[in-house]
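Going line by line, the protein sequences match chains A and B. Each residue of the first sequence is one higher than the last, beginning at 1 in this note's numbering. Each residue of the second sequence is one higher than the last, beginning at 1 in this note's numbering. Built from N, CA and C at the ideal position, the CB exists for glycine as well. Treat the numbers as computed from the prediction; the structure is a model and nothing was measured. Structure first, then comments.
Number of protein chains: 2
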Amino acid sequence: MMTSDADPRVLAAAARLRIAVPSVADRVAAELRLQLADGVLLPGTRLTESTIAADLGVSRNTVREAFAELAAERLVVRHPNRGVFVASLGAGDIHDVYTVRRAIEAAALRGGGSPEGVAAVRAAVEEGKAAAADDDDEALGTANQHFHRAIVALAGSRRLDTIMAQVLAEMRLFFHQATVDAHFYRGYLSDNEQICAALEAGDPGRAADLLLAYLDRSEQEQRAVHGG
Amino acid sequence: MMTSDADPRVLAAAARLRIAVPSVADRVAAELRLQLADGVLLPGTRLTESTIAADLGVSRNTVREAFAELAAERLVVRHPNRGVFVASLGAGDIHDVYTVRRAIEAAALRGGGSPEGVAAVRAAVEEGKAAAADDDDEALGTANQHFHRAIVALAGSRRLDTIMAQVLAEMRLFFHQATVDAHFYRGYLSDNEQICAALEAGDPGRAADLLLAYLDRSEQEQRAVHGG
DNA sequence: TATCGTCGGATTGTTGAACAATACCCGGGG
DNA sequence: CCCCGGGTATTGTTCAACAATCCGACGATA
Chain A
1 MMTSDADPRV LAAAARLRIA VPSVADRVAA ELRLQLADGV LLPGTRLTES
51 TIAADLGVSR NTVREAFAEL AAERLVVRHP NRGVFVASLG AGDIHDVYTV
101 RRAIEAAALR GGGSPEGVAA VRAAVEEGKA AAADDDDEAL GTANQHFHRA
151 IVALAGSRRL DTIMAQVLAE MRLFFHQATV DAHFYRGYLS DNEQICAALE
201 AGDPGRAADL LLAYLDRSEQ EQRAVHGG
Chain B
1 MMTSDADPRV LAAAARLRIA VPSVADRVAA ELRLQLADGV LLPGTRLTES
51 TIAADLGVSR NTVREAFAEL AAERLVVRHP NRGVFVASLG AGDIHDVYTV
101 RRAIEAAALR GGGSPEGVAA VRAAVEEGKA AAADDDDEAL GTANQHFHRA
151 IVALAGSRRL DTIMAQVLAE MRLFFHQATV DAHFYRGYLS DNEQICAALE
201 AGDPGRAADL LLAYLDRSEQ EQRAVHGG
């Protein structure tokens with residue numbers, strides 16, 4: 001009945017510290033988000049309200065609220081009177097997503113950002129190198145996401161951060177759909193290094209140009225994989 | 001009971017044509033969005049579930065779903081166990097919003113866009129001129145929004161379009177909060193004209209630079225009005 | 001008077017059940 | 001082969017209830 005993760009001590013501490021306790025609907029949404037990110041739920045899969053309600057031990061109405069959250073994030077699409085399905089990105093969508101990425105990542109990069117921000121980008125680059133050295137493809141993928149999130153974070157905008165998070169979540173969905181091979185990110189390591197170096201060298205314009213080229217190439221490869 | 005606008009003929013036609021009929025929750029959200037845009041609901045106002053449910057003749061649960069939509073659009077904020085309130089933008093938020101606008105509007109403009117897209121931008125400029133000639137401040141404001149929406153539309157990205165729409169809705173909220181005087185937009189007419197001219201002249205780079213300067217200046221003025 | 005607890009009312013969060021409306025599946029007829 | 005109808009499952013929406021939480025007022029204490 002999902003009572004195991006409702007630790008009273010946590011609840012009490014949260015109440016004391018005025019920290020917003022995530023509602024049940026939020027936790028359901030978080031759980032589904034997790035399953036979506038992990039590829040447990042593949043694109044096109046139908047999400048039946050009653051099934052999920054029973055699985056997670058919550059009311060159908062609560063599941064419905066969670067669906068609203070996920071639909072707003074485009075991770076799920078609602079077909080009226082037919083149900084909600086895990087979103088599947090078509091050829092047009094990947095171009096769309098890359099358009100968004102080009103816009104916000106380049107803008108963030110051009111701004112330069114604070115020294116701490118640049119340090120975070122550097123950290124993500126090193127994280128990727130370490131993952132590559134360990135041959136850990138999973139870690140390599142998340143490091144790459146950290147890299148791009150760090151770039152957007154340079155702008156210091158909460159809104160851009162959440163937009164980027166949503167876009168990355170969408171792309172992750174697409175990856176599960178088009179099982180991308182392991183050494184896919186491998187080639188991007190040097191790109192990341194170059195971009196980061198240009199940023200550290202105080203040349204954000206060049207860093208942005210490198211990034212744009214990177215994104216264009218990445219989009220082409222994705223398109224090739226997908227067969228668009 | 002909100003049955004007046006549920007014309008069976010409309011319903012049937014929609015079913016025949018496979019047009020998604022907006023759910024009740026969507027219509028409630030739309031109604032609230034409208035009231036928010038019109039300044040009927042001012043920032044900080046509390047939205048009580050039962051009141052709205054009674055006013056619109058719908059269930060509390062449906063109102064709740066509508067709130068989830070609006071919260072996802074940042075038009076409304078949820079304070080757990082306290083209720084939802086019309087969002088009010090602080091000094092940090094307006095900078096945040098302008099950061100988003102700089103990113104996506106400049107990117108869209110740099111792309112150049114299709115001839116039809118450019119024509120749409122031109123149309124918005126002329127719409128603004130006409131409104132100014134009529135001394136219609138309301139029309140002037142919407143024309144300005146059309147102008148910026150047209151710019152973003154140049155990128156041809158559904159996602160960027162919705163992001164821009166949300167951002168503009170947020171700004172509209174702010175305007176009601178900081179009653180901006182009438183001849184506020186007036187000065188921007190020439191900016192719009194210049195930007196559009198540069199775009200038509202095949203110099204999107206210059207158009208983007210002009211726009212960025214425009215946005216910087218606009219943010220400064222907003223800040224002055226707000227007192228940040 | 002000012003601060004602190006406590007109590008009561010109001011609102012939210014969540015559940016469960018019910019019902020109509022709709023879409024899907026399947027078998028029968030043209 | 002396609003169209004057409006009926007049965008079933010699922011969604012959309014409502015309603016009523018309850019616990020949890022917050023807010024304000026009242027009163028006690030110093």
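Opposing strand residues paired with residue i [DSSP bridges]
i        : result
B:Arg110 : In DSSP, B:Arg110 forms no bridge with anything.
A:Phe85  : A:Arg46 and A:Val77
Nearest-angstrom Cα separation, counted from residue j out to residue i
i        : j        : result
A:Ala133 : A:Ala108 : 29 angstroms
A:Arg159 : A:Asp136 : 31 angstroms
A:Gly113 : B:Ala53  : 46 angstroms
A:Ala130 : A:Arg102 : 27 angstroms
B:Ala14  : A:Leu140 : Note that B:Ala14 has pLDDT 40, beneath the 50 cutoff, so the model's placement of it is unreliable and no number is given.
A:Val152 : B:Asp93  : 17 angstroms
A:Leu154 : A:Gly202 : 14 angstroms
A:Ala197 : B:Arg33  : 45 angstroms
B:Gly205 : A:Gly187 : 31 angstroms
A:Pro115 : A:Gln194 : 17 angstroms
A:Ala207 : A:Ala150 : 14 angstroms
A:Asp209 : A:His95  : 18 angstroms
A:Asp161 : B:Ala68  : 20 angstroms
B:Ser59  : B:Ala143 : 37 angstroms
A:His226 : B:Ala124 : 38 angstroms
B:Arg78  : B:Ser157 : 30 angstroms
B:Thr51  : B:Gly39  : 18 angstroms
A:Gly111 : B:Ala87  : 28 angstroms
B:Glu200 : A:Glu200 : 37 angstroms
A:Leu211 : B:Ala169 : 31 angstroms
A:Gly128 : B:Gly128 : 50 angstroms
Minimum C-alpha distance to residue i - residue among the options
i        : options                                   : result
A:Pro80  : B:Ala119, B:Ala25 and B:Val21             : B:Val21
A:Glu49  : A:Arg82, A:Arg33, A:Leu173 and A:Gln35    : A:Arg82
A:Thr99  : B:Glu105, B:Thr62, B:Gly39 and B:Tyr188   : B:Glu105
B:Ile163 : A:Asn61, A:Gln145 and A:Val97             : A:Val97
A:Phe85  : A:Ala153, A:Asp93 and A:Ala71             : A:Ala71
B:Tyr185 : B:Asp161, B:Arg206, B:Gln145 and B:Ala201 : B:Gln145
B:Ala37  : B:Glu138, B:Gly90, B:Leu189 and B:Ala197  : B:Glu138
A:Ala66  : A:Asp26, A:Ala87 and A:Leu34              : A:Asp26
A:Asp191 : A:Glu126, A:Gly156, A:Ala224 and A:His226 : A:Glu126
A:Leu189 : A:Asp55, A:Glu31, A:His148 and A:Gly57    : A:His148
A:Gly44  : A:Ile195, A:Phe174 and A:Gln194           : A:Phe174
A:Thr234 : A:Ala30, A:Val40 and A:Pro204             : Lying before the first or after the last residue shown, residue 234 of chain A is absent from chain A, which here runs from 1 to 228.
A:Glu221 : A:Ser23, A:Ala91, A:Ala165 and A:Val24    : A:Ala91
B:Met171 : B:Glu219, B:Gly128, B:Leu211 and B:Leu199 : B:Glu219
A:Gly24  : A:Leu42, A:Arg64 and A:Ala169             : Residue identity differs from the one stated: residue 24 of chain A is Val in this sequence, not Gly. The shortest C-alpha separation from A:Val24 is found at A:Arg64.
Rounded Cβ spacing between residue i and residue j (contact assumed at less than 8 angstroms)
i        : j        : result
A:Leu47  : A:Val28  : With a Cβ gap of about 11 angstroms, A:Leu47 and A:Val28 do not count as contacting.
A:Leu89  : A:Gln177 : 7 angstroms
A:Gln166 : A:Arg223 : Rounded, the Cβ-Cβ distance is 21 angstroms, inconsistent with contact.
B:Gln35  : B:Leu41  : 5 angstroms
Q. Is it a yes or a no for the stretch 214–224 of chain B touching the stretch 115–127 of chain B, going by three-plus beta-carbon pairs under 8 angstroms?
A. no
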